[in-house]
Amino acid sequence: MTAVQKRVFINKIALALSTLSALIALGFLFWILGVLVMKGVGALNWNIFIFEGAPPGNPESGLKHALVGQAILIGMATAIGVPLGILAGTYLSEYGKNSKLAHTIRDISDIMMSAPSIVIGAFVYAVVVMPMGHFSAWAGAIALGIIMIPVILRTTDDMLQLVPGELREAAFALGAPKYKVILSVVYRGAKAGILTGVLLGIARVGGETAPLLFTSFNDNFFTTDLNEAMPSLTVTIFNYATSPYEDWQQLGWAAAFILSMFILGLNILGRVILFAGKKRK
Amino acid sequence: MIDKLFFNFTRASALLILIIVAWVFTVLFNHSLEAMNTLGLDFITHDEWAPNLDKFGAYAAILGSIISTTLAMMLAVPVAIGVAIFLSEIAHDKIKGFFGISIELLAAIPSVIYGMWGLFFFVPIIRDIFGGLGIGLLAAGIVLAIMILPFMAAVTRDAMNTTPDILKESAYALGGTQWDVIKDIIIPYAKAGIIGSLILALGRAIGETMAVTFVMGNVHKVPGSILDPTTSIPVTLANEFSEADSSLYFSSLFGLALTLLIMSFVVIAVAKFYFLRKARRA
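If you're matching them up, the sequences are chains A and B in order.
In terms of my numbering, the first sequence has 768 at position 192, counting the first letter as 1, and numbering is strictly consecutive.
In terms of my numbering, the second sequence has 302 at position 256, counting the first letter as 1, and numbering is strictly consecutive.
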């Protein structure tokens, strides 16, 4: 074999291995998606949306409690995380810019984004659940809100920086004060980007289970009392899937399917909005 | 007036991030003081975890975290690099777009679903092949590997894509094969970025809770083999936090949470501030 033939041969092997690993990865991931769709769709029916949790063996059991609880928790977390994240991102992009403080905040927030979410759960347990004396929806929402802030902060910071400086200068030249420039020029210019950030932030916390385990805990029944333990789809999936009862496991698959579709939907929507926004420019 | 108010609002929100992080560390530290004082170094060197006897040795949990993440990295890194090479160098544009987006979407699927899949579909396979329970370190390592794969592949691909086309084209012009270009141009050029991405994925894997909680077993015992059930820091927290009944028990769990936070903080900081910053500067 000549030197060239040898190199071509090695090249073929290397490329084949790389393609093979791509196929392996794709295979596993489609296996998981396939299972999710088959099991999930199979377990879906109207009862899920009508009935709340029931003891195993009861045909009139559903996920209404978990769906509503999840919506409440996500809604509250959004109300906490989105304003704080957007304001903080505004500071970094419009006031802090390249100052040392702004860079420190960016770095710490970036680390927070990848930090273990269960630790945030432990923190909220210590500062909210312990003083209150019991699990509550508030605690769960605060934990999720804290996790959401860095995601929103990062996208807001990035997106506001994309707004051209000339736009700001033009507004300043008309005599507008800085807050007015930010509110009606910069925000307007970065609208699509900020919205995408919010959607991705919601998607990120929507799938979180670990920080809810000991903050909002879980409940098998329908409740809207924010001072009490609140059921969520994610913790319900965990409890039902690890239970020995066949019908609870079925409900667990249905919950897993609904949750995944919700989160994938948000991700896709976020991308579409960003893409459409880019196209218009 | 309003201008000043708006400025102060935004600045307070930004500072809140720093305050929260400092607060998290202080709270976890304060709550783990009791365990540190009572148990001392035994907390991390002993492996007996018996809440009813007030014995809390976290050695098994810490070891379980390290072994399961190492296992996951060993399995995921080669595949992730392969996928990244495939996405950045081999695939045609159409496949690249489709495959790239599906990888990113899969990275968004909640980890509780990977865990559930692992419990119902993967554990039985391990049980059939190796015997035993099926639940244990090996299952945890594999499920964890599959879970971090999409994220790892996506960031590694991004790092590889930073290689300027002109460098690659020069190498091709000299008669290099695709593999020559990959190993002599792209990998050396993007080395810092690739290593940073892999370590960042490691940082996520350490703290990952739900994917492994299903399949680890939560048994506080140093495993004899990778087929044995054991526990890890996040698994212990997830299973026992809402059941703890004595203040020393709680304090030990807070100690575990602090250990986990410090481990992942250090790993992520090394990835971001050493490797990824170096990559951006290059």
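Just so it is clear, CB atoms sit at the ideal spot from N, CA and C, and this is done for glycine as well.
Since the structure is predicted, the reported quantities are computational estimates derived from the model, not experimental observations.
Whether residue i touches residue j by CB criterion (8 Å)
i      : j      : result
A:L840 : A:T772 : no
A:I681 : B:I172 : no
B:A107 : B:L302 : yes
A:M688 : B:V67  : yes
A:N796 : A:S808 : no
A:Q638 : A:F627 : The identity of residue 638 of chain A in the sequence shown is Gly, whereas the question assumes Gln. Against a cut-off of 8 Å, the Cβ pair of A:F627 and A:G638 comes out as a contact.
B:W163 : A:I608 : yes
B:T255 : B:A284 : yes
B:L322 : B:G239 : yes
B:A315 : B:G242 : no
B:F52  : A:Y755 : yes
B:A217 : B:V227 : yes
B:I192 : B:Y160 : yes
B:F300 : B:L74  : yes
A:S597 : B:V268 : no
B:M119 : B:L248 : yes
Run of the alpha helix (DSSP H) containing residue i, from where it starts to where it stops
i      : result
B:D274 : Where B:D274 is concerned, there is no enclosing alpha helix (DSSP H), given that its DSSP letter is neither H nor E.
B:M309 : S293 to A315
B:F197 : L183 to M206
A:P726 : A713 to L738
B:G239 : I233 to G253
B:W69  : I48 to L85
B:K140 : D139 to L152
A:F627 : Premise fails: A:F627 is in no alpha helix (DSSP H) and is neither H nor E.
A:G751 : Unbroken run through A:G751: none, as it is neither H nor E.
A:L677 : K676 to S690
A:N587 : A579 to A619
A:W622 : It is not in any alpha helix (DSSP H) - A:W622 carries neither H nor E in the DSSP assignment.
B:G177 : Premise fails: B:G177 is in no alpha helix (DSSP H) and is neither H nor E.
B:D211 : D211 to A219
A:L649 : K640 to T666
B:V123 : Y105 to I131
A:T772 : K767 to G782
B:G161 : S157 to W163
A:I696 : S693 to V700
A:A817 : L809 to A817
B:A290 : From DSSP, B:A290 is part of no alpha helix (DSSP H); its letter is neither H nor E.
B:D88  : D88 to T91
B:F260 : M256 to M262
From the options, residue whose alpha carbon lies closest to that of residue i
i      : options                           : result
A:Q811 : B:F53, B:F260 and B:A290          : As written in the sequence, residue 811 of chain A is Val, which differs from the Gln given in the question. Nearest C-alpha to A:V811: B:F260.
B:I102 : B:D139, B:T305, B:S297 and B:F311 : Per the sequence presented here, residue 102 of chain B reads as Phe, with Ile not at that position. Among B:D139, B:T305, B:S297 and B:F311, the Cα nearest to that of B:F102 is on B:S297.
B:G110 : B:D93, B:G242 and B:L179          : B:D93
B:I245 : B:I147, B:I194 and B:A60          : B:I194
B:I308 : B:R323, B:I252, B:L165 and B:A219 : B:I252
B:I272 : B:L51, B:F287, B:L179 and B:L306  : B:L179
B:L117 : B:V265, B:I212 and B:A185         : B:A185
B:F71  : A:I600, A:A691, A:T666 and A:S669 : A:A691
B:A257 : B:P156, B:G270 and B:K324         : B:P156
A:R780 : A:I723, A:F625 and A:F699         : A:I723
A:L835 : A:I600, A:W622 and A:A647         : A:A647
B:L294 : B:S78, B:A58 and B:W225           : B:S78
A:T799 : A:G616, A:N621 and A:K640         : A:K640
B:V313 : B:D139, B:F144, B:R250 and B:T202 : B:R250
B:T56  : A:G665, A:G846 and A:R744         : A:G665
A:D823 : A:L845, A:V727, A:K615 and A:M577 : A:K615
B:S148 : A:G629, A:R847, A:A852 and A:Q825 : A:R847
A:Y667 : B:S59, B:A247, B:W225 and B:A290  : B:S59
A:K673 : A:I656, A:V703 and A:L738         : A:L738
A:L759 : A:R583, A:I600 and A:E670         : A:E670
B:I127 : A:S675, A:L599, A:P753 and A:M837 : A:L599
B:K237 : B:T84, B:Y320 and B:H138          : B:Y320
B:F287 : A:G629, A:A698 and A:A642         : A:A698
Supposed contact pair residue j and residue i - C-beta distance, whole angstroms, cut 8 Å
i      : j      : result
B:L190 : B:I113 : Contact flag wrong, Cβ pair sits at about 11 Å.
A:W714 : A:L602 : 42 Å between Cβ atoms; not a contact.
A:T595 : A:Y701 : Contact flag wrong, Cβ pair sits at about 47 Å.
A:I778 : A:I650 : 6 Å
A:A719 : A:I696 : 5 Å
B:S292 : B:D49  : The pair is not a contact, with the Cβ atoms about 54 Å apart (cut-off 8 Å).
B:A205 : B:V129 : Actually they do not touch by this definition, with Cβ atoms about 13 Å apart.
A:A766 : A:L736 : 5 Å
B:F167 : A:V611 : 6 Å
B:P280 : B:V265 : The Cβ separation is near 15 Å, so there is no contact.
B:P196 : A:L605 : 7 Å
(message) Would you call the region 778-790 of chain A in contact with the region 231-239 of chain B, where contact means no fewer than 3 C-beta pairs closer than 8 Å?
(response) no
(request) State whether the region 124-136 of chain B contacts the region 821-835 of chain A, with contact taken as three or more CB pairs (one from each stretch) at a distance under 8 Å. (result) no
(message) For the region 718-737 of chain A against the region 660-667 of chain A, do three or more pairs of beta-carbon atoms, one drawn from each stretch, fall closer than 8 Å, so that the two count as touching?
(response) yes
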